[in-house]
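Some notes on the structure that comes next.
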Amino acid sequence: MATNLFNGFKNEADFIIFDINQKTTSNFLKEHNTDPNNKDKVKVAKSPLEVAQEATVIVTMLPASQHVEGVYFGKDGLLEALGKDHIVMDASTIDQSMATRVAKVLQEKGAKAIDAPVSGGTGGAQAGTLTFMVGSRTNADFEIAKPYLEKMGKNIVYCGTNGNGQVAKICNNMLLGISMIATSETMNLGVRMGMDPKLLAGILNTSSGRCWSSEVYNPCPGVQENSAATRGYTGGFGMPLMAKDLRLAVNAAVETKSTVLLGALAQQLYNQMAANKEYEQLDFSAAYKWLSENAK
289 MATNLFNGFK NEADFIIFDI NQKTTSNFLK EHNTDPNNKD KVKVAKSPLE VAQEATVIVT
349 MLPASQHVEG VYFGKDGLLE ALGKDHIVMD ASTIDQSMAT RVAKVLQEKG AKAIDAPVSG
409 GTGGAQAGTL TFMVGSRTNA DFEIAKPYLE KMGKNIVYCG TNGNGQVAKI CNNMLLGISM
469 IATSETMNLG VRMGMDPKLL AGILNTSSGR CWSSEVYNPC PGVQENSAAT RGYTGGFGMP
529 LMAKDLRLAV NAAVETKSTV LLGALAQQLY NQMAANKEYE QLDFSAAYKW LSENAK
């Protein structure tokens with residue numbers, strides 16, 4: 289995402305980046321500061337505060353609500369330097385209440401606040417084909433943010449007021465978590481009954497069972513050449529992140545008195561996998577491996 293944003297604006301703006309993982313910032317510098325045309329275009333900040341002091345357009349993406357709270361409201365956080373010239377886009381997946389809290393405080397400082405969680409996986413991030421689900425106070429604020437988001441994504445969807453981007457993302461990921469388990473169960477059943485997995489996947493993907501988990505991100509090793517499953521479930525969307533997103537969905541269901549029977553069951557399974565040392569570092573499609581190894 290950062291690379292696509294940089295490439296889209298490298299002739300118009302300087303970049304300042306921050307990450308607690310120095311390897312991440314070092315790799316970004318190595319990739320972009322070696323081009324003579326981009327010399328000194330990228331600076332590494334020492335804190336989120338320094339980012340806000342030097343940049344007027346800010347994009348954040350963090351694992352969970354507590355990290356967003358720290359980056360925005362903590363010591364040397366963004367909030368200390370934000371003002372009316374800033375537009376701040378948060379692409380994290382967090383609970384709706386945190387998104388609306390961030391927006392309210394930023395707007396009180398005069399800044400434009402955008403919640404813009406994404407869908408499309410690491411492949412979509414690299415290819416610049418992500419879907420952004422955007423919440424903002426006004427459509428005008430959305431239109432200001434849109435050119436920046438378009439450098440990182442293909443589908444930029446206005447969902448309404450602040451927090452609605454998170455609603456769309458939480459609902460999407462609940463469905464994704466459920467469908468990945470369903471696809472894993474289906475593929476595991478077919479393989480155990482003697483079906484060739486590639487043949488079975490091909491049938492599913494031309495039939496009514498077709499879904500993203502079966503067609504684009506099949507969890508059965510060997511079905512797709514570039515899937516996480518074929519890489520030993522390394523990389524991709526981590527198990528703890530899916531467990532976190534399902535917790536957000538189930539918590540929201542409790543608050544709104546919504547029935548999410550399958551969502552709650554999916555949450556339980558992903559919580560178990562995320563708490564397992566063997567699985568906690570694996571992609572969420574390792575649900576197939578879990579079900580295969582824990583058959584009764």
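Count the sequence shown with our numbering and you get residues 289 to 584, in order.
Glycine included, each C-beta is placed from N, C-alpha and C at the ideal position.
Values in this document were obtained by computation on a predicted structure and should not be read as measured data.
Per-residue burial, residue i [other beta carbons within 10 Å of its own, 16 or more giving buried]
i: M462; result: buried
i: V542; result: exposed
i: R389; result: buried
i: G398; result: exposed
i: L549; result: exposed
i: N582; result: exposed
Rounded separation between residue i and residue j - CA only
i: Y446; j: G482; result: 46 Å
i: G412; j: L418; result: 5 Å
i: Q395; j: F361; result: 14 Å
i: M421; j: A428; result: 16 Å
i: I375; j: K434; result: 11 Å
i: E513; j: Q454; result: 32 Å
i: K442; j: L293; result: 13 Å
i: A575; j: V479; result: 15 Å
i: M386; j: L437; result: 21 Å
i: M475; j: W578; result: 13 Å
i: L492; j: I469; result: 15 Å
i: L488; j: S496; result: 13 Å
i: G520; j: L553; result: 25 Å
i: T494; j: N506; result: 14 Å
i: K311; j: T547; result: 43 Å
i: N559; j: A531; result: 5 Å
i: M527; j: D302; result: 35 Å
Contact belief for residue i with residue j at Cβ below 8 Å, rounded distance in angstroms
i: T313; j: V332; result: 5 Å
i: S467; j: C499; result: 5 Å
i: P485; j: V511; result: 5 Å
i: K298; j: T381; result: That belief does not hold up - the Cβ atoms of K298 and T381 are roughly 28 Å apart, past 8 Å.
i: A290; j: F316; result: 6 Å
i: P405; j: A379; result: 6 Å
Residue of the options minimising C-alpha distance to residue i
i: N452; options: I402, G409, R498 and A433; result: I402
i: A562; options: L529, L550, V548 and S546; result: L529
i: L536; options: Q310, A574, T522 and N460; result: N460
i: S501; options: S472, V538 and I308; result: S472
i: G371; options: N443, A404 and L337; result: L337
i: D571; options: I491, T522 and K334; result: T522
i: F430; options: V330, I305 and G448; result: G448
### Query
Taking only runs of the alpha helix (DSSP H) that begin and end inside the region 392 to 477, which ones reach a length of at least 4 residues, in chain order?
You should have 409 to 415 and 427 to 438.
### Task
Quick one: which unbroken beta strand (DSSP E) runs of 3-plus residues sit fully inside the region 522 to 554? Chain order, please.
List check, beta strand (DSSP E) in window: nothing returned.
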